[in-house]
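Single-structure report; data block below.
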Amino acid sequence: MPEKGTFNWAKGFVLDFALSDGMSKTAVSTKRYLAQMKGMFADDAAYAKMLPDNPLVYEFFELGAPENSGDIAFGTSITYPGKVGDEYFMTKGHFHTILETAEVYYGLSGEGFMLIENPEGDTTAHPIAPGKAVYVPKRYAHRSVNTGSVPLTTFFAFRGDAGHNYATIETKGFRKLIVAGVDGKPEITDNPRWGA
Ligand code: ZN
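Residue numbers for the sequence shown follow my numbering, beginning at 10 and rising by one.
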């Protein structure tokens, strides 16, 4: 079985994205457990309570695309269902190191939102579901949020050299949160700790 970095980026290749094996046979995933997301959820008490179980919040499969402007990095991302307090499980989220680079996400399973914001504070939550493609424009940080009860799986593709800037979001957070409202439906609220 091919491992990360063994795909033929010069001659092309076919990758079987059959979800039955979750890509486990074709790439190595990067896993993010709750303990790696300290300070990213708004409810510290709920976070501390869940920490002993340290659930897997999300993972993503990258194929090791060459970091060139002419190559395209792609893979899948799986955000698991769950909540910390009222806040749905989500990815850390990131800007691209090269801010002027966009990304496309395509929903494969589950439901949720792609929460995006730019440095000037413009924010949108785009719904994701199977068959929906979300275009994340250049200059926008992006985070997947699973508001459903099954894994939210997406296919993503972006310019090979775009890079990931996680630090800005780790420091400031997103301006908006997606939480379960009193009726159990997702609600978008202001992040009281944004910029703190
Ligand atoms: Zn990205």
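Backbone N, C-alpha and C define an ideal beta-carbon position, used for all residues, glycine too.
Taking only three categories from DSSP, how would you classify Lys-13? Along the sequence shown, read from residue 1 onward, the residue named residue 13 stands at position 4. Confidence at Lys-13 is low in this model, with a pLDDT of 47, below 50, so its placement is unreliable and no value can be given for it.
Checking 9 angstroms against the spacing of the C-beta atoms, do Tyr-67 and Tyr-97 come in under that value? For the purposes of this step, residue 67 is identified with residue 58 of the sequence shown, where counting begins at 1. For the purposes of this step, residue 97 is identified with residue 88 of the sequence shown, where counting begins at 1. Between Tyr-67 and Tyr-97, the gap from beta carbon to beta carbon reaches 9 angstroms or more.
Segment limits, beta strand (DSSP E) that includes Tyr-56: Counting from one through the sequence shown, the residue named residue 56 turns up at place 47. Counted as a single uninterrupted DSSP element, the stretch harbouring Tyr-56 is not any beta strand (DSSP E) but the alpha helix (DSSP H) occupying residues 53-59.
Under DSSP, the beta strand (DSSP E) around Ala-189 begins and ends at which residues? Sequence index remark: in the sequence shown, residue 189 carries index 180 (1-based). Looking at the DSSP string, the run of the beta strand (DSSP E) that includes Ala-189 is 185-189.
Short of 8 angstroms in beta carbon distance, which residues of its chain neighbour Trp-4, apart from the five on each side in sequence? Order them along the chain. The structure shown does not extend to residue 4, since the chain spans only 10 to 205, so no value can be given for it.
Can you give me the Cβ contacts of Pro-201 inside the same chain, cut-off strictly under 8 angstroms, excluding the 5 residues immediately before and after it? Mapped onto the sequence shown, residue 201 falls at position 192. Closer than 8 angstroms at Cβ, skipping near neighbours: Ala-51.
Roughly how many angstroms separate the alpha carbons of Arg-41 and Leu-65, rounded to a whole number? Position 32 of the sequence shown, counting from 1, holds the residue named residue 41. Position 56 of the sequence shown, counting from 1, holds the residue named residue 65. When rounded, the distance between both Cα atoms is 6 angstroms.
8 angstroms contact criterion, which Lys-147 and Glu-109 should meet: CB distance rounded: By 1-based counting over the sequence shown, the position of residue 147 is 138. By 1-based counting over the sequence shown, the position of residue 109 is 100. So it is a contact: roughly 5 angstroms between Cβ atoms.
Report back the beta-carbon spacing between His-103 and Asn-174 to the nearest angstrom; my notes put them in contact at under 8 angstroms. The residue you call residue 103 lines up with position 94 of the sequence shown. The residue you call residue 174 lines up with position 165 of the sequence shown. Confirmed, about 6 angstroms.
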